[in-house]
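Everything below concerns the one structure shown next.
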Amino acid sequence: MLTSFDNTGLLKVLNFLKTHESEYLSGQDLSDVLKISRVAVWKHVKKIRSLGYKIESAQKRGYKFVNTTDKLLPWEISKKLKTNFIGKRIYYFDEIDSTQNFALNISSQNIENGTIVLAEKQVNGIGRLNRKWHSPKGGIWFSIIILPEFEISDATIIPIASSLALCTTIEKIHGVNSKVKWPNDITINGKKVAGMLVDATIQANKIEKIVLGIGINFKIDISKIEKKIKNTQNYYGITSLVSSQSKMKQIELFTEFLLELEKVIQDLTDGKKDKIVKKWSRHTDIFGKQISIKTNKGKITGIATKIDLDGALIIKTNGSTKKIFVGDVIIE
Ligand code: BTN
225 MLTSFDNTGL LKVLNFLKTH ESEYLSGQDL SDVLKISRVA VWKHVKKIRS LGYKIESAQK
285 RGYKFVNTTD KLLPWEISKK LKTNFIGKRI YYFDEIDSTQ NFALNISSQN IENGTIVLAE
345 KQVNGIGRLN RKWHSPKGGI WFSIIILPEF EISDATIIPI ASSLALCTTI EKIHGVNSKV
405 KWPNDITING KKVAGMLVDA TIQANKIEKI VLGIGINFKI DISKIEKKIK NTQNYYGITS
465 LVSSQSKMKQ IELFTEFLLE LEKVIQDLTD GKKDKIVKKW SRHTDIFGKQ ISIKTNKGKI
525 TGIATKIDLD GALIIKTNGS TKKIFVGDVI IE
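In structure tokens:
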């Protein structure tokens, strides 16, 4: 567990306050028991509060733990995680340029399968096709390093499998009817609520590493982002999963998604691509629709008919069938 702030003393104070939830503990008591100075206790309490925990203080009585945080802090995630390998190691940043860049950098070292890089805010978030990805506080911005046992031919199905995992998790946890939009967007009422990015390293005909970058507009002020991106290419509207008044916490969605992702990775490892493709197809509303796609060979227009086992989109244009691997779908 690595955070962009020193967490050793902080966790000592936090855990002590948590285990004495209904009591006030004086700064002196905390200092004596935890063997840190009173100034250190005060500093840690200040940081703990800034991390979103509610700590009450009363004169002559001290501090009392009142409520937990909504932030996705590594120790809070670990308590709820039910996965076998995803999220056993987490890097957490209050702010970072891009979790994807950080994950790509550390992935060249000997890194644990399932390592997650998570940030509360990104200042240089990257979207697909090298676009800018706006990532203010309130969203869920993270990258996962996966060391898969897949063939190269499976590379294009990974975004399909991952977006399916997120779509089904959103439905399960929030009861919202969300859709997958090829290749890897998640939409609600036709507007984008989440997007994904896949960087893969290939070695000796095998996929060696995958860095899966995921951005979820969880509780964000859409109007601010909209202003900045509504005139960009292929913009089709964005939405936030929950409203600014919502009390919904991020942690349920996050931990359940990791579990769901592990399941689809297992399916891919077991060669069950058809299961993924069938399920994905039930969660999309693009089939049968007139769409256009900008590819590096120009714009293609036609009816979206299905996706193949390799994740490619099949569209029918004037009498012929085309197979598309990369591009953005615009519903006409
Ligand atoms: C898209 O364009 O739809 C993909 C967006 C992916 C954004 C996520 S946020 C976490 C990770 N870090 C980044 O810089 N980008 C990805």
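So the number in the numbering used here is just where the residue sits in the sequence shown, counting from 1, plus 224.
For each residue, glycine too, the CB sits at the ideal point set by N, CA and C.
heavy atom of the ligand BTN below 7 Å from residue i C-beta
i           : result
residue 409 : yes
residue 510 : no
residue 420 : yes
residue 359 : yes
residue 350 : yes
residue 262 : no
residue 323 : yes
residue 427 : no
residue 367 : yes
residue 399 : no
residue 414 : no
residue 384 : no
residue 394 : no
residue 439 : yes
residue 313 : no
residue 457 : no
residue 193 : Limits of the chain in this structure are 225 at one end and 556 at the other, which puts residue 193 out of reach.
residue 469 : no
For residue i, the first and last residue of its enclosing beta strand (DSSP E)
i           : result
residue 322 : Where residue 322 is concerned, there is no enclosing beta strand (DSSP E), given that its DSSP letter is neither H nor E.
residue 545 : 544-548
residue 289 : 286-291
residue 275 : First-last for residue 275: undefined, no H or E at that position.
residue 425 : 415-427
residue 436 : 430-440
residue 462 : Neither: residue 462 is in no beta strand (DSSP E) and is coded neither H nor E.
residue 555 : 552-555
residue 453 : It is not in any beta strand (DSSP E) - residue 453 instead sits in the alpha helix (DSSP H) that spans 446-453.
residue 411 : 409-412
Cβ neighbour criterion (16 or more within 10 Å) applied to residue i
i           : result
residue 459 : exposed
residue 352 : buried
residue 300 : buried
residue 486 : buried
residue 428 : exposed
residue 280 : exposed
residue 495 : exposed
residue 537 : buried
residue 256 : exposed
residue 317 : buried
Rounded distance between the beta-carbons of residue j and residue i, thought under 8 Å
i           : j           : result
residue 347 : residue 319 : 6 Å
residue 406 : residue 510 : 6 Å
residue 438 : residue 424 : No, residue 438 and residue 424 are not in contact; Cβ-Cβ is about 15 Å, not under 8 Å.
residue 526 : residue 515 : 7 Å
residue 394 : residue 465 : 7 Å
residue 268 : residue 234 : 5 Å
residue 546 : residue 524 : 6 Å
Start and end residues, alpha helix (DSSP H) containing residue i
i           : result
residue 255 : 251-258
residue 404 : Note, residue 404: premise wrong, no alpha helix (DSSP H); beta strand (DSSP E) at 402-405.
residue 232 : 232-243
residue 393 : 382-398
residue 300 : 298-304
- prompt: Which parts of the segment 465-544 are runs of the alpha helix (DSSP H), unbroken and 4 residues or longer, counting only runs that do not cross its ends?
  reply: Qualifying alpha helix (DSSP H) stretches, in chain order: 474-493, 497-506.
field: Contained beta strand (DSSP E) runs [length at least 3] in the segment 306-380, N- to C-terminal order
entry: Counting only runs of 3 or more, we get 314-317, 340-343, 364-370.
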